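Peer 1: Under my numbering, the first residue of the sequence shown carries the number 931, and numbering increases by one thereafter.
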Amino acid sequence: MPRIDTQSVAYKGFAIMAFIVVILAGIKTASPIVVPFVLSAFIAVICNPVITWMTRFKVPRALAVLLLMVFIVMMGLWLAQIVGSSINEFSNQLPQYRDQLVEQFGWIVQKLQTFNIIITKEQILAYFDPGIALSMTTNMLTGVGGVMANLFLIILTVVFMLFESQTLPKKLHCALDDPDMRMQQIDKFLHSVNQYMVIKTLVSLATGVIVGFGLAFIGVDYALLWGVIAFLFNYIPNIGSIIAAIPSVLLAFIQLGPAAAGGTALLYFGTNMIMGNVVEPRYMGKGLGLSTLVVFLSLIFWGWLLGSVGMLLSVPLTMIVKIALESSKGGSWLAILLADDVEIKDNDRDKEDTSEAA
931 MPRIDTQSVA
941 YKGFAIMAFI
951 VVILAGIKTA
961 SPIVVPFVLS
971 AFIAVICNPV
981 ITWMTRFKVP
991 RALAVLLLMV
1001 FIVMMGLWLA
1011 QIVGSSINEF
1021 SNQLPQYRDQ
1031 LVEQFGWIVQ
1041 KLQTFNIIIT
1051 KEQILAYFDP
1061 GIALSMTTNM
1071 LTGVGGVMAN
1081 LFLIILTVVF
1091 MLFESQTLPK
1101 KLHCALDDPD
1111 MRMQQIDKFL
1121 HSVNQYMVIK
1131 TLVSLATGVI
1141 VGFGLAFIGV
1151 DYALLWGVIA
1161 FLFNYIPNIG
1171 SIIAAIPSVL
1181 LAFIQLGPAA
1191 AGGTALLYFG
1201 TNMIMGNVVE
1211 PRYMGKGLGL
1221 STLVVFLSLI
1231 FWGWLLGSVG
1241 MLLSVPLTMI
1251 VKIALESSKG
1261 GSWLAILLAD
1271 DVEIKDNDRD
1281 KEDTSEAA
């Protein structure tokens, strides 16, 4: 058997770890520049199919990009004005909402006493501060709004990316040593990323619209704000809907009582069950799934690295890493570890049965 040089393997492992640490430190330091660029890249990926669709109807690409950017800027400014005013008003009323929620805890304390569970409101507040749950979402949106302050730079970057989108695959093919062998992998990677982002955006948009109209029907204040939050947090599967539902349920509990809070929770649960388990798998398939642990860890990691935008784009960024690993031979094993579930192939089962029989 060939002898393995453990010392060289250890040096190689340490070198790779040091290389990763240096890259992450550089990204962390340059986050004011990296975050707008990453956000621009995702906007360009989402907009590219629309530009391609418009060019099929003989619309010049430059005119199609201009029309789409004007539409996005107008909608963005309108939405930013409404959501921004809602955030400011909600932030000003946070102390009042917190006091009302503390008073509502008296109802919970009385219900617990009927089950011989003796607990006071002070004890509840010692372990759970509702102000943190209510202000967490607004702080995250404020961080995203701070990045969007560079709107001109982001839009300009998106425009240049959309003009370069046609030649980017060719450049990637020519930049590789053996473009003919890697051409299929690059095409698969770009197609998978584009498909994931477009479908996820449409599903998230439908989720935000349903939640917004549902909360307006129930009578919860700031329904448009909670609809936007549901749209953004839907990019984070499994736990994103829970995070987005917490402030809405608490506000419904404060404003309208326990019945409205239960209806609000049921609205979020039903919407995310239908969108996440019926609509999204039908159009996206189940081959791009991430495990719940990976989703949670990616939320922490990308949030630490890129701030609020990193938290909102944590799963798409992890999905890009996973798709890139699947497209490479050396990283396929790591892509399997990131996946939600793995099916054992028939050949692998035969090998396992043979080894057990031996």
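Backbone N, C-alpha and C fix where the C-beta goes; we use that ideal spot for every residue, glycine too. Every value quoted in this text rests on a predicted model; they were computed, and no experiment measured them.
Since N1046 is in the alpha helix (DSSP H), which residue starts that stretch and which ends it?
Peer 2: Taken as a continuous stretch (DSSP letters only), N1046 belongs to no alpha helix (DSSP H), as it is neither H nor E.
Peer 1: Round the Cβ separation of F1161 and S1134 to the nearest angstrom and send it over; I've been treating them as touching at under 8 Å.
Peer 2: At roughly 5 Å, the Cβ-Cβ gap stays under 8 Å, so F1161 and S1134 are in contact.
Peer 1: Alpha carbon to alpha carbon, how far is Q1125 from V980?
Peer 2: Near 12 Å, if we compare the C-alpha coordinates of V980 and Q1125.
Peer 1: Leaving out five residues on either side along the sequence, give the residues of the same chain with a beta carbon under 6 Å from the beta carbon of S970.
Peer 2: Cβ within range, chain order: I1084, T1087, V1088.
Peer 1: Provide the residue span of the alpha helix (DSSP H) that contains I1169, from first to last.
Peer 2: No alpha helix (DSSP H) holds I1169; DSSP gives it neither H nor E.
Peer 1: Let me know the alpha helix (DSSP H) ranges lying completely inside the region 1208-1250, each 4 residues or longer, listed in chain order.
Peer 2: For the region 1208-1250, whole alpha helix (DSSP H) runs of length 4 or above, ordered along the chain, are 1210-1214, 1222-1236, 1238-1242.
Peer 1: When you compare only the Cα positions, how much space is there between F925 and I976?
Peer 2: Beyond the ends of the chain as shown, which are 931 and 1288, falls residue 925; an answer cannot be given.
Peer 1: With P966 as the anchor, note down where its alpha helix (DSSP H) starts and where it stops.
Peer 2: First-last of the alpha helix (DSSP H) with P966: 961-985.
Peer 1: Whole angstroms are fine: how far does the CA of Y941 sit from the CA of F1143?
Peer 2: If I take the Cα positions, the gap works out to 58 Å.
Peer 1: Terminal residues of the continuous alpha helix (DSSP H) containing L1154?
Peer 2: Here the alpha helix (DSSP H) through L1154 covers 1153-1163.
Peer 1: How about L1235 and K958: are their beta carbons less than 9 Å apart?
Peer 2: Taking 9 Å as the Cβ cut-off, L1235 and K958 qualify as a contacting pair.
Peer 1: Touching or not, the region 1163-1177 and the region 1248-1256, by the rule of three or more beta carbon pairs under 8 Å?
Peer 2: Touching, no, given that fewer than three Cβ pairs across the two stretches are closer than 8 Å.
Peer 1: Among I1166, I1017, I1176, L1197, which has the Cα closest to the Cα of L1227?
Peer 2: Closest option to L1227, Cα to Cα, is I1166.
Peer 1: To the nearest angstrom, report how far apart A1269 and T1201 are at their CA atoms.
Peer 2: Rounded to the nearest angstrom, the two C-alpha atoms are 24 Å apart.
Peer 1: Using alpha carbons as the reference points, say which of M1005, A948, G956, V1123 lies closest to I1253.
Peer 2: Checking every option, the nearest Cα to that of I1253 belongs to V1123.
Peer 1: Please work out which residues of its chain come closer than 8 Å, Cβ to Cβ, to P966, disregarding the five sequence neighbours upstream and downstream, and give them in chain order.
Peer 2: Taken in chain order, the residues that qualify are V1077, N1080, L1083, I1084, T1087.
Peer 1: In the DSSP output, what is A1269 paired with across the bridge?
Peer 2: Answer by DSSP bridge pairing, in chain order: L1220.
Peer 1: Cβ of T1097 within 9 Å of Cβ of M1205?
Peer 2: No, Cβ-Cβ distance for T1097 and M1205 is not below 9 Å.
Peer 1: Locate the alpha helix (DSSP H) running through V1150, then write down its first and last residues.
Peer 2: Note, V1150: premise wrong, no alpha helix (DSSP H); not H, not E.
Peer 1: Can the beta-carbon of L1155 be found closer than 9 Å to that of I1017?
Peer 2: Result yes, Cβ atoms of L1155 and I1017 sit closer than 9 Å.
Peer 1: Evaluate A1175 with the Cβ neighbour count: other Cβ atoms within 10 Å of its Cβ, from every protein chain shown; 16 or more gives buried, anything less gives exposed.
Peer 2: Classification of A1175: buried, given that the 10 Å Cβ count is 16 or more.
Peer 1: Is it the case that the Cβ atoms of F1093 and A955 are separated by a distance below 9 Å?
Peer 2: No; because the gap between Cβ atoms is not below 9 Å, this pair is not in contact.
Peer 1: Among G1237, G1192, T985, V952, which has the Cα closest to the Cα of V1150?
Peer 2: For the residues G1237, G1192, T985, V952, the minimum Cα distance to V1150 belongs to G1192.
Peer 1: Apart from the five residues on each side of it in sequence, which residues of its chain come closer than 7 Å, Cβ to Cβ, to G1141?
Peer 2: Rather than Gly, the amino acid found at residue 1141 in this sequence is Val. Around V1141: W1156, G1157, A1160, L1197, Y1198, T1201.
Peer 1: Counting C-beta neighbours from all protein chains within 10 Å, is the total for K988 16 or more, i.e. buried, or is it exposed?
Peer 2: Exposed.
Peer 1: Around the C-beta of G1187, are 16 or more other C-beta atoms found within 10 angstroms, so that it is buried, or is it exposed?
Peer 2: By the neighbour-count rule (16 or more Cβ atoms within 10 Å), G1187 is not buried but exposed.
Peer 1: One question on the structure: do G1233 and V968 come within less than 9 Å of each other, judged by their Cβ atoms?
Peer 2: Result no, Cβ atoms of G1233 and V968 do not sit closer than 9 Å.
Peer 1: Would you call T1194 buried or exposed, if buried means 16 or more other Cβ atoms sit within 10 Å of its Cβ?
Peer 2: Buried is the call here.
Peer 1: Of the residues T985, L1264, K1130, L1267, which one's Cα is nearest the Cα of N1207?
Peer 2: Of the candidates T985, L1264, K1130, L1267, the one whose C-alpha sits nearest the C-alpha of N1207 is K1130.
Peer 1: Shortest alpha-carbon distance to G1026 belongs to which of V952, L1264, I946, Q1185?
Peer 2: Here residue 1026 turns out to be Gln, not Gly, going by the sequence shown. Out of V952, L1264, I946, Q1185, Q1185 has the C-alpha closest to the C-alpha of Q1026.
Peer 1: Need the endpoints of the alpha helix (DSSP H) that N1202 sits in, please.
Peer 2: N1202 -> alpha helix (DSSP H) spans 1188-1204.
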